[in-house]
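Following the numbering used here, the residues of the sequence shown are numbered contiguously, the last one being 991.
For every residue, glycine included, the Cβ atom is placed at its ideal position computed from N, Cα and C.
The structure presented is a predicted model; accordingly, all values stated were derived computationally and were not measured.
Worksheet: one structure, shown below.
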Amino acid sequence: MADLLQIVDLADAGQVQLSLHTGSGQAETAPAANFPLPLTGSELAEIRWYFTEYPENTFGEAKTRAEKVEAGLKDLGLLLFQAVFGSSDEARSLLETATGPENDQPHLSIISNRPEFLGLPWELLNNGGDAFLTSQLAGVSRRLSPGPLDDFSGRLPTDQLNILLLLPPSGEGSGSIATEALTALESLPVDAELDCLRPSSPAKLQEQLAGKPGHYHLVHFDGFTIDGQGMCMEDGSGGVTSLDAAALAQTLTGAQTPVVLVNASSSSALNDVMSFAAGLAENGVPQVVVAPLPIAGSGRVLFCENLFKGLSGGTPVAQTVATIRQAMKDHPQRPSATGPLESWDWTLPMVFESQNYSPEAIVVEEAAAPVPGMPQPEQETSATDLPRGGPYGLIGRHAEMLDLERRFRQAPVVLLSGDVGIGKSELALGLASWLRKTGGRSGGVFYSAFEVGAGLERVLHEIGTSLAGLDFADLRNEDRRTWVVDYLKENPALLVFDSLQNLAGFPAGAPGLLDDSEMADLDSFIKEVAEGGQTWTLLVSRRDKEPWLTVPHGSYRLGGLAGFDRIVFGTRLLEEAGADPMRLGPEYLEILELVDGHPLAMEIALPLLKDVPASVLVGELRSKLEQHQPGADEEGRPPFLTVVMDHAFSRMSHRGRTHLPFLSMFRSRVMMDILTHITGEQAYKSVMGEGLGYGATRTLLRTARAGGFLEPITPSVYQIHPSLPWFFGRSLYRQFSQGAIQQLEQEVVRVYADTADYFMETLY
228 MADLLQIVDL
238 ADAGQVQLSL
248 HTGSGQAETA
258 PAANFPLPLT
268 GSELAEIRWY
278 FTEYPENTFG
288 EAKTRAEKVE
298 AGLKDLGLLL
308 FQAVFGSSDE
318 ARSLLETATG
328 PENDQPHLSI
338 ISNRPEFLGL
348 PWELLNNGGD
358 AFLTSQLAGV
368 SRRLSPGPLD
378 DFSGRLPTDQ
388 LNILLLLPPS
398 GEGSGSIATE
408 ALTALESLPV
418 DAELDCLRPS
428 SPAKLQEQLA
438 GKPGHYHLVH
448 FDGFTIDGQG
458 MCMEDGSGGV
468 TSLDAAALAQ
478 TLTGAQTPVV
488 LVNASSSSAL
498 NDVMSFAAGL
508 AENGVPQVVV
518 APLPIAGSGR
528 VLFCENLFKG
538 LSGGTPVAQT
548 VATIRQAMKD
558 HPQRPSATGP
568 LESWDWTLPM
578 VFESQNYSPE
588 AIVVEEAAAP
598 VPGMPQPEQE
608 TSATDLPRGG
618 PYGLIGRHAE
628 MLDLERRFRQ
638 APVVLLSGDV
648 GIGKSELALG
658 LASWLRKTGG
668 RSGGVFYSAF
678 EVGAGLERVL
688 HEIGTSLAGL
698 DFADLRNEDR
708 RTWVVDYLKE
718 NPALLVFDSL
728 QNLAGFPAGA
738 PGLLDDSEMA
748 DLDSFIKEVA
758 EGGQTWTLLV
768 SRRDKEPWLT
778 VPHGSYRLGG
788 LAGFDRIVFG
798 TRLLEEAGAD
808 PMRLGPEYLE
818 ILELVDGHPL
828 AMEIALPLLK
838 DVPASVLVGE
848 LRSKLEQHQP
858 GADEEGRPPF
868 LTVVMDHAFS
878 RMSHRGRTHL
888 PFLSMFRSRV
898 MMDILTHITG
908 EQAYKSVMGE
918 GLGYGATRTL
928 LRTARAGGFL
938 EPITPSVYQI
948 HPSLPWFFGR
958 SLYRQFSQGA
968 IQQLEQEVVR
978 VYADTADYFM
988 ETLY
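Structure below.
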């Protein structure tokens, strides 16, 4: 058993006392030392500002202010060290004994019942050098009393790591790590299961834990706000209620839950979080892991990966958090307005202890070898495959995703609308993936995009064959519809119908994919499914209203990225572009505001900062935006998006401006080999004035990718955003005559026909 150092708060006397408890049972105590609380209210506010607000504006005075906070944190650690270990020869001797080379690394416990004492960043303890005392410790924990701890007596499963996740009433400022937690669990080499409690109300929690006592290794409260009344939770009927620590602890301990994780929202006061965590420990929760402020960027990934790796591997919780802390310290860069920024957020994770708990390692059970000749069971599927999203996936949007999911409790059909390029499909796919992975829709998740050739018959075919196999296709048309409707009425599934604006034609006046009777048929289908009350249907459109849609539905208008989500995405784009942070300045934030956090506009505008200072770029964009006159065909396109595209396009080389618009001939993807072949043909050369060889074609595509005009799928296949064919087509028609463009169209058709003939020959 390792030695235990204890720093005991003697609050009444205004002192602290250091003691050492050796593994052999001996105890030594140093004389008490005076200890006034070292942080004022204004200093605590500065630390909070540093973690929560500074990353969103790192320019000018803010940078100087942050440097003072960082220096103050290091000085605070030295002050704490000297107050405890430098107060007497006896205290120094105890530390030297505990950390001597002949001993195992000791554990340090902070003993107090004062939130303001427990909330001090004891993890900063240092003796003036570059090293922190935590590097010599097995772990740091907080306890309410100095006596020995009882052992946790519960028995938990060892064949699978079980996690229960609760979500807050609102995602605003929550600093959610739920997505990172799910990804970390999926990457474990052992079996792990995450149950997401819906709704995350006290009554539902009590019901869930009572039904599964001794089942969950950890209950995770993700991004909740904690105030003087307790934790703000859903009340189960659309409202909010407060649950105090004692009541929550009673529910948790009654189900033999050994570990609770609380990562508090940015609006939670430090003392309230400390008081709540201490209350959980005081009322019997064995181990409470706390992050009193949100952790950003890769810090979330490091936190979750190391937490679940340690928990599943049988590592004590305080030691696991020490590993988390070291990983975050070794990799301190976090997103900020000036790109990756070194953060001190490794000081945030804390552990409260009321009982000893040594997790049992989860055992990896080897699958039995298949018996020769014995058919293997097929994996059941109850959903269609979700398509690949953009190269960046879903950045942020936790608040929107949480809000959107809760809209379905009010109406089974919701219309998600927004401008082109705003991220509607990414959000829809993110929600679909989240619900699928967390068991939110046990009947399955089904996605359909209404592009060329898409209608209700295809929707029915995809859903039916994914559930019943290919035999479903043998049913008569009316039987197929009846079968699918009956299934969706009886099972809680999710339907996602994307690109709905194409059905009636978009923009206004454009030909639609379906005629009036076909749209009425789809409307009737959605209405029938909704009447069952089980299945949710998410409709995604550029329009706020679809004239053919008569089924009652809720509406959700999606805006651009806001707050820290905007900063995170901007940081990633700046890193990829190789932009120099010194070129940014406060005008960078003005650019983000000018495009309203619009993801596609950011993808195209921010790479320009590699060559143009932000102060110049924002002026150029504003000037062109003032002069811009939207055309009749720009429905659903914010003016700044067209301006950004035009400006970025104008900065390309003459060859790029000449040849890139040809991509309007491609619908959603372009293969470099096909494009190289077409651009080498005489018909292409006669229109464009030159052909492109392999090298020039590759350069064209890579330049377009670097400028945000294309998204990579593979090194030779690129995805074209749905908003770009319009832009490319407009640029093409501005350069060439109708007859010349018809020549290009005929050449594309000929090449694809030849390609189809080639593949037919290889098949037969």
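Secondary structure note for His886: its alpha helix (DSSP H) is the uninterrupted segment 881 to 886. Sequence-distant partners of Asn354 (beyond 5 residues in either direction) whose C-beta falls short of 6 Å from its own C-beta, in its chain, are Phe308. One alpha carbon belongs to Glu802, the other to Pro834, and they sit about 9 Å apart. Between Ala523 and Asp572, the gap from beta carbon to beta carbon is short of 8 Å.
Put simply, the backbone Cα of Val843 is about 14 Å away from that of Leu821. In this structure, Pro519 and Ala491 form a Cβ contact; the two beta carbons are roughly 5 Å apart against a cut-off of 8 Å. Apart from the 5 residues on each side of it in sequence, Val641 sits with its Cβ closer than 8 Å to the Cβ of Leu631, Arg634, Phe635, Trp763, Thr764, Leu765, Leu766, His780, Gly781, Ser782, Tyr783 in its chain, given in chain order. Taking every protein chain shown into account, the CB of Arg977 has fewer than 16 other CB atoms within 10 angstroms, so this residue is exposed. C-alpha of Phe893 to C-alpha of Gly956: approximately 10 Å in a straight line.
In this structure Leu264 is exposed. Its beta-carbon is surrounded by fewer than 16 other beta-carbon atoms within 10 angstroms. As for any alpha helix (DSSP H) of minimum length 4 sitting wholly inside the segment 274 to 336, the runs are 288 to 311, 316 to 325, ordered along the chain. The beta-carbon distance between Leu364 and Leu335, rounded to whole angstroms, is 5 Å. This is short enough to meet the 8 Å contact definition.
Taken through DSSP and simplified to helix, strand or coil, Ser644 comes out as strand.
Shown here, Asp701 sits in a helix according to DSSP, grouped into three states. For Thr256, the enclosing beta strand (DSSP E) stretches over residues 254 to 256. For Ser693, the enclosing alpha helix (DSSP H) stretches over residues 683 to 695. Between the segment 661 to 672 and the segment 712 to 727 there are three or more inter-stretch CB-CB distances shorter than 8 Å, so the stretches are counted as touching. Contact check for Ala545 against Gly824 fails: the beta carbons are separated by 8 Å or more. Gln728 and Gly511 have their C-alpha atoms some 55 Å from each other. Judged by their CB atoms, Phe677 and Leu740 are nearer to each other than the 8 Å cut-off.
By the beta-carbon neighbour count (other beta carbons within 10 angstroms, threshold 16), Pro857 is exposed. Contact annotation: Thr361 and Ala505 have beta-carbon atoms that are not nearer than 8 Å. The C-beta separation of Ala508 from Glu580 comes to about 7 Å, placing the pair in contact by the 8 Å criterion. In the pairwise beta carbon analysis, the segment 383 to 391 is classified as touching the segment 434 to 453: at least three pairs are separated by under 8 Å.
Residue pairing from DSSP places Cys423 in a beta bridge opposite Leu392. In the three-state reduction of the DSSP assignment, His948 falls in the coil class.
About 6 Å separates the beta carbon of Leu694 from that of Tyr714, a gap short enough to meet the 8 Å contact definition. In the three-state reduction of the DSSP assignment, His904 falls in the helix class, which pools H, G and I. In the structure shown, the three-state DSSP call for Trp571 is coil. Short of 6 Å from the beta carbon of Leu937, and not among the five residues preceding or following it, lie these beta carbons of its own chain, in chain order: Ala931, Tyr945.
In the three-state reduction of the DSSP assignment, Gly781 falls in the strand class. Relative to the Cα of Gly922, the nearest Cα in the group Ile589, Ala731, Leu902 belongs to Leu902. In this structure, Asn340 is the residue among Asn340, Lys295, Ala293, Tyr277 with its C-alpha nearest to the C-alpha of Val243. In the DSSP annotation of this structure, Gly366 is not part of any alpha helix (DSSP H); the continuous beta strand (DSSP E) holding it starts and ends at 366 to 370. Only residues of its own chain outside the window of five on either side were considered, and among them Leu642, Ser644, Leu727, Gln728 have a CB closer than 7 Å to the CB of Ser768, listed in chain order. Assignment of Leu352 by DSSP, reduced to helix, strand and coil, places it in the coil class.
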